[in-house]
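Under our numbering, the very last position in the sequence shown is 158; numbers go up by exactly one each time. For each residue, glycine too, the CB sits at the ideal point set by N, CA and C. To start, the structure itself, in structure tokens.
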Amino acid sequence: MGDEREERERLLAGLRLLDTPGHLLRRNHQRSYEIFSALVGDEITRQQMALLIVLYQNPGAAQSRLVALTGFDKATIAEMIGRMISRGWVLRSRDVHDGRAWTMHITPAGKELLLDHIPLVAAAQDEILAPLPEDMRPVFLRCLRLLLGLGPVGQDPA
1 MGDEREERER LLAGLRLLDT PGHLLRRNHQ RSYEIFSALV GDEITRQQMA
51 LLIVLYQNPG AAQSRLVALT GFDKATIAEM IGRMISRGWV LRSRDVHDGR
101 AWTMHITPAG KELLLDHIPL VAAAQDEILA PLPEDMRPVF LRCLRLLLGL
151 GPVGQDPA
């Protein structure tokens, strides 16, 4: 028992929090949030913006497709869609091929919101990457995609 405790204390003494991926990812997540909020504002969240972008690019997508494209779980997507329907940004309708399934569409109001904010969203993405040298940015994005088990940059999940 004492050897195990000593080993744990050695691990703890040698742990450099600022060199751990989990801690660094959390801090970068917070930085990303702060940049988005400062540039885009609080009318729409990053998650809602991501969903509107996916709906704009995939009109009539089923909820399962939205899950694959955004990485949000089913419960989160369902909750977000409900809120976005109530705000008039998303329309949900029954799938004509499968009466049990729902398809989602961006509304004209949702598209207008998206078009109004997309330059700010692009600026936020640039600001997030700004500390990296230009030539490291594609490598960084490839590494992030690898961590998520995604294919090459520009390739959507199946």
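By the Cβ neighbour-count rule, Gly41 is exposed, with fewer than 16 other Cβ atoms within 10 Å of its own. A check of alpha carbon separations from Val67 across Glu6, Ala78 and Pro59 identifies Ala78 as the nearest.
His97 carries a coil assignment under DSSP once its states are collapsed to helix, strand and coil. If you draw a straight line from the Cα of Ile35 to the Cα of Leu114, it comes to about 18 angstroms. For the stretch 98 to 145, the continuous beta strand (DSSP E) assignments of 3+ residues that do not extend past its boundaries occur at 102 to 106, in sequence order. Around the CB of Gln48, 16 or more other CB atoms lie within 10 Å, so the residue is classed as buried. Straight-line measurement puts the Cα of Ile128 at about 6 angstroms from the Cα of Ser32.
Leu91 is bridged by DSSP to His105. Short of 7 angstroms from the beta carbon of Gly14, and not among the five residues preceding or following it, lies no beta carbon of its own chain.
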